[in-house]
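Numbering (our numbering), first residue to last: 78 to 282.
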């Protein structure tokens, strides 16, 4: 399922950058497979909780898997959203915008790969490296919005393309958030500490 989510996001970005609509159809097929896998994993995890009554680290692992499962499915949702936007843009004139969606997409892909690797290797330090990247993606998303709002104000004729690029940037930022959630759940599983509340308090300060 993790591989499917990564593949869906990669293909959706390739579709956006190349205009290849066949890739959009492939993304939507993958999304259907992701949804089916999510149901299967959830059912298996809840069966284990009910029948085995796991304790301590085993319980944390199962609870983390349930949450990670949902985040992987939502990464697939973001990929599908990007594919849908690409289809919508297909008949619009191709224009050059002052943003770097490929770079943002590559960084989000790195976050997802590291988050999954940290799960497979039970590596809390690697998971922490994912958390460290999240602010950079947030900053990139804000920069895209600011740049393209200015473009739309100065060149209203390209507002459609610019608005869709803003939405795609937001989809990538949300995918990064889900990678961050996965990393936080890995840390919870491995160390037994909930870093989400610590991060919230730090941001409040």
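Backbone N, C-alpha and C define an ideal beta-carbon position, used for all residues, glycine too.
Model, not experiment: these values are computed from the prediction.
The Cβ atoms of residue 175 and residue 228 lie closer than 8 Å to each other. Around the beta carbon of residue 192, 16 or more other beta carbons lie within 10 angstroms, which makes this residue buried. Taking 8 Å as the cut-off, the beta carbon of residue 78 is found no closer than this to the beta carbon of residue 104.
Assignment of residue 184 by DSSP, reduced to helix, strand and coil, places it in the helix class.
Annotation: the continuous alpha helix (DSSP H) that includes residue 147 extends over 133-166.
In the DSSP annotation of this structure, the continuous segment of the alpha helix (DSSP H) that includes residue 267 starts and ends at 236-268. 251 is the residue among 251, 115, 81 and 199 whose C-alpha sits nearest the C-alpha of residue 216. Residue 163 and residue 86 have their alpha carbons spaced roughly 13 Å apart. No Cβ-Cβ contact shorter than 8 Å links residue 100 with residue 182. The C-beta separation of residue 254 from residue 144 comes to about 13 Å, leaving the pair out of contact by the 8 Å criterion.
Distance from the CA of residue 242 to the CA of residue 97, rounded to the nearest whole angstrom, comes to 17 Å. For the pair of segments examined, the region 262-272 was found to touch the region 136-152: the number of CB pairs separated by less than 8 Å reaches three. Looking at 81, 133 and 238, the one whose alpha-carbon comes closest to that of residue 148 is 81.
For residue 92, the secondary structure class from DSSP, reduced to helix, strand or coil, is helix.
For residue 231, the enclosing alpha helix (DSSP H) has its first and last residue at 201-231.
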